[in-house]
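Asker: Read left to right, the sequence shown gives residues 412 to 828 (the numbering used here). Note that the Cβ used here is the ideal one computed from N, Cα and C, for glycine as well.
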Amino acid sequence: MTACGLDFGTSNSALGVMRAGTPVLAPVEGESTLIPSAIFFDYEHMGRTIFGRHAIATYIGEHDGRLMRALKTILGSSLIDEKTAVGNRRIALTEVVEIFIRHLKAQGEAFAGTEFNSVVHGRPVRFVDGDDEADARAQNVLEGIAHKVGFKHVAFEYEPIAAAYHYEDTVTREEIVLVADIGGGTSDFTVIRIGPDRRGKPDRKDDILANTGIRIGGTDFDTLLNVDAVMPLLGLGTQLISKNLPMPKATYFELATWATINFVYNHKTERETRELLADACEPEKVARLYKTIRRHLGHRIAFAVEDAKIALSTAEAHDMPLGFLESGLHAQTTRTGFERAISQKTHKLTEMAAQCVTMSGLKPEQVDTIFLTGGSSLVPAVRRAVSIAAPNAHATSGSDFLSVALGLTREASRKFG
Ligand SMILES: Nc1ncnc2c1ncn2[C@@H]1O[C@H](COP(=O)(O)OP(=O)(O)OP(=O)(O)O)[C@@H](O)[C@H]1O
Ligand SMILES: [Mg+2]
Numbered sequence: 412m413t414a415c416g417l418d419f420g421t422s423n424s425a426l427g428v429m430r431a432g433t434p435v436l437a438p439v440e441g442e443s444t445l446i447p448s449a450i451f452f453d454y455e456h457m458g459r460t461i462f463g464r465h466a467i468a469t470y471i472g473e474h475d476g477r478l479m480r481a482l483k484t485i486l487g488s489s490l491i492d493e494k495t496a497v498g499n500r501r502i503a504l505t506e507v508v509e510i511f512i513r514h515l516k517a518q519g520e521a522f523a524g525t526e527f528n529s530v531v532h533g534r535p536v537r538f539v540d541g542d543d544e545a546d547a548r549a550q551n552v553l554e555g556i557a558h559k560v561g562f563k564h565v566a567f568e569y570e571p572i573a574a575a576y577h578y579e580d581t582v583t584r585e586e587i588v589l590v591a592d593i594g595g596g597t598s599d600f601t602v603i604r605i606g607p608d609r610r611g612k613p614d615r616k617d618d619i620l621a622n623t624g625i626r627i628g629g630t631d632f633d634t635l636l637n638v639d640a641v642m643p644l645l646g647l648g649t650q651l652i653s654k655n656l657p658m659p660k661a662t663y664f665e666l667a668t669w670a671t672i673n674f675v676y677n678h679k680t681e682r683e684t685r686e687l688l689a690d691a692c693e694p695e696k697v698a699r700l701y702k703t704i705r706r707h708l709g710h711r712i713a714f715a716v717e718d719a720k721i722a723l724s725t726a727e728a729h730d731m732p733l734g735f736l737e738s739g740l741h742a743q744t745t746r747t748g749f750e751r752a753i754s755q756k757t758h759k760l761t762e763m764a765a766q767c768v769t770m771s772g773l774k775p776e777q778v779d780t781i782f783l784t785g786g787s788s789l790v791p792a793v794r795r796a797v798s799i800a801a802p803n804a805h806a807t808s809g810s811d812f813l814s815v816a817l818g819l820t821r822e823a824s825r826k827f828g
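#1: Relative to the C-alpha of residue 657, which candidate in 629, 676 and 687 has its C-alpha closest?
#2: Can you have a look at residue 479 and say buried or exposed, based on whether 16 or more other CB atoms are within 10 angstroms of its CB?
#3: Whole angstroms is fine: what's the gap from residue 691's alpha carbon to residue 643's?
#4: If you compare alpha carbons, which of 533, 695, 743 and 598 is closest to residue 758?
#5: Would you say the region 692-712 touches the region 446-464, given that touching needs at least three Cβ pairs under 8 Å?
#6: For residue 522, which residues in the same chain have their Cβ closer than 7 Å to its Cβ, ignoring the five residues on either side in sequence?
#7: Any heavy atom of ligand 1 within a distance shorter than 7 Å of the CB on residue 789?
#8: Taking the C-alpha atoms as reference points, what is the distance between residue 756 and residue 627?
#9: Measure the beta-carbon distance from residue 435 to residue 427 and round it to whole angstroms, keeping in mind my assumption that it falls under 8 Å.
#10: Of all the alpha helix (DSSP H) runs that stay within the bounds of the region 786-820, which reach a length of 4 or more residues?
#11: Using alpha carbons as the reference points, say which of 733, 591, 748 and 716 lies closest to residue 801.
#12: With distances taken from CA atoms, which of 816, 795, 815 and 667 is nearest residue 806?
#13: When burial is assigned at 16 or more other CB atoms within 10 Å of the CB, is residue 717 buried or exposed?
#14: Hey, out of 557, 561 and 575, whose CA is closest to residue 567's CA?
#15: When the Cα atoms are used, what is the spatial distance from residue 726 to residue 826?
#16: In whole angstroms, what separates the C-alpha of residue 749 from that of residue 762?
#17: DSSP on residue 554, reduced to helix/strand/coil?
#18: Could you give the distance in angstroms between the alpha-carbon of residue 633 and the alpha-carbon of residue 424?
#19: Starting from residue 569, follow its DSSP beta bridges and name the residues at the other end.
#20: Throw me the rounded Cβ distance for the residue 594 and residue 787 pair, which I believe falls under 8 Å.
#21: Can you give me the Cβ contacts of residue 710 inside the same chain, cut-off strictly under 7 Å, excluding the 5 residues immediately before and after it?
#22: To the nearest angstrom, how far is the alpha carbon of residue 685 from that of residue 721?
#23: Please report the residue range of the beta strand (DSSP E) in which residue 767 lies.
#24: For residue 423, which residues does DSSP report across the bridge?
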């Protein structure tokens, strides 16, 4: 029986197998062991489906077609039952997830030289905040997909616990760790006891002291930065002449949210925006919105915003080029402005991390280490927010994009041999 660990992430995915007692990640896109969770349905070559970086590059190369990113957020939202137009077909969004996971599995099997029949799938602590039924449904859908793509045995593990198992491989003494996995879609926390002597234990229930999670991640930071720094250039916050009202906000928010960008590209929104343009106090701005809708530029903007966000992790300011929208157009961003835009979210992260420590029954000072992982843990404000929950703990980090997949792989070998 061959088992793998599979981390289907909101932004990036990875898959691993055990080799000589060590988890090894499969190259899933060219040489890379990490693949962006993105699909491009190419209309110029109907029937061609492209994945990962290649999907994004083809799309940016202005091929006509449909790009989909942040697929995982669909599972925890009301979009779980939605269909989407792909060419002249309508397919369920969950089928898009299935196509992606099938591809990932095939890449892993090509590397392993064998078919997989078992998988340990990662899952966030919460797919859905505050709704257990919807949360269970999200896992059921993912489990159904895993069976459909050919896994006979499917188990789930919380992503931060998997990250803890990966971190455990590196420690030389026993520690109480607060793991914070801050990804693209969710932030997940675990307080766990780890150590060299515990690694081999078949059952870790007694070591896992608490888990919490919330649907906050880097894609939310993208939305907030987009709404703060770019959408005003497209008329958000400007007035209409006749009605003495501001421009309606809904389209701006859809456009600034990865999972809903495509929803804006329809005749109705286009017509309504044309009407609003005729009534706009600042038509030069609303004209950019109209162009964005007509030319399908929403993803281009979202990528520019994500690049700016990443730049602000190391720089104090970043000039975001938007020349594809209008010659010479830029959006100015600063770290301070970004931190202000995401401050409600970072407060929530402190709350969730602190709640995890409280639920563990330990005092904050009993936490030895904070292990930060996930791409969004690279945001300085996020690191600060989490560290408040265990102020005396030593903070460490590593394998930001791969720790979960490596831990899931270890867990797969423990569960399925
Ligand atoms: N240097 C950086 N600074 C800030 N954010 C970053 C940086 N590098 C990557 N990110 C963000 O990290 C997120 C992706 O992280 P990661 O790959 O851990 O998420 P994921 O595992 O796909 O998502 P999830 O676990 O929530 O389903 C994206 O939102 C990306 O923009
Ligand atoms: Mg992740």
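Answerer: A quick look at the data gives this:
#1: Along the sequence shown, one-based indexing puts residue 657 at 246. Ranking 629, 676 and 687 by Cα distance to residue 657 puts 687 first.
#2: Counting from 1 along the sequence shown, the entry for residue 479 is found at position 68. Residue 479 comes out buried.
#3: Counted from its first residue, the sequence shown places residue 691 at position 280. Counted from its first residue, the sequence shown places residue 643 at position 232. Their Cα atoms are separated by approximately 13 Å.
#4: Walking along the sequence shown from the start, residue 758 turns up at place 347. Ranking the options by Cα distance to residue 758, first place goes to 598.
#5: Here the region 692-712 does not lie against the region 446-464, with fewer than 3 beta-carbon pairs under 8 Å apart.
#6: Position 111 of the sequence shown holds residue 522. These residues qualify, in order along the chain: 437 and 438.
#7: The residue labelled residue 789 in the question sits at position 378 within the sequence shown. Indeed, a heavy atom of ligand 1 lies less than 7 Å from the Cβ.
#8: Position 345 of the sequence shown, counting from 1, holds the residue named residue 756. Position 216 of the sequence shown, counting from 1, holds the residue named residue 627. The straight-line gap from Cα to Cα measures roughly 7 Å.
#9: Working through the sequence shown from its first residue, we reach residue 435 at position 24. Working through the sequence shown from its first residue, we reach residue 427 at position 16. Correct: roughly 6 Å between the Cβ atoms.
#10: 791-798
#11: For the purposes of this step, residue 801 is taken as the residue at position 390 of the sequence shown. When only C-alpha atoms are compared, the closest one is 591.
#12: Indexing the sequence shown from 1 puts residue 806 at position 395. Checking every option, the nearest Cα to that of residue 806 belongs to 795.
#13: Position 306 of the sequence shown, counting from 1, holds the residue named residue 717. With 16 or more other Cβ atoms within 10 Å, it is buried.
#14: Taking the sequence shown and counting its residues from 1, the one referred to as residue 567 is at position 156. Checked all of 557, 561 and 575; the closest Cα to residue 567 is 557.
#15: For the purposes of this step, residue 726 is identified with residue 315 of the sequence shown, where counting begins at 1. For the purposes of this step, residue 826 is identified with residue 415 of the sequence shown, where counting begins at 1. Roughly 44 Å between the two C-alpha positions.
#16: Here residue 749 corresponds to residue number 338 of the sequence shown, with the count starting at 1. Here residue 762 corresponds to residue number 351 of the sequence shown, with the count starting at 1. Taking the straight line from one Cα to the other gives about 20 Å.
#17: Counted from its first residue, the sequence shown places residue 554 at position 143. Residue 554: helix per DSSP, three-state reduction.
#18: Looking up residue 633 in the sequence shown gives position 222. Looking up residue 424 in the sequence shown gives position 13. The straight-line gap from Cα to Cα measures roughly 19 Å.
#19: Sequence index remark: in the sequence shown, residue 569 carries index 158 (1-based). 534.
#20: Within the sequence shown, the letter at position 183 stands for residue 594. Within the sequence shown, the letter at position 376 stands for residue 787. Correct: roughly 6 Å between the Cβ atoms.
#21: Residue 710 sits at position 299 when you count from the first residue of the sequence shown. Here the set comprises 470, 478 and 672.
#22: Counting from one through the sequence shown, the residue named residue 685 turns up at place 274. Counting from one through the sequence shown, the residue named residue 721 turns up at place 310. Those two C-alpha atoms are separated by around 34 Å.
#23: Sequence index remark: in the sequence shown, residue 767 carries index 356 (1-based). Residue 767 -> not in any beta strand (DSSP E); alpha helix (DSSP H) instead, spanning 754-770.
#24: By 1-based counting over the sequence shown, the position of residue 423 is 12. Note: residue 423 sits in a beta bridge opposite 447.
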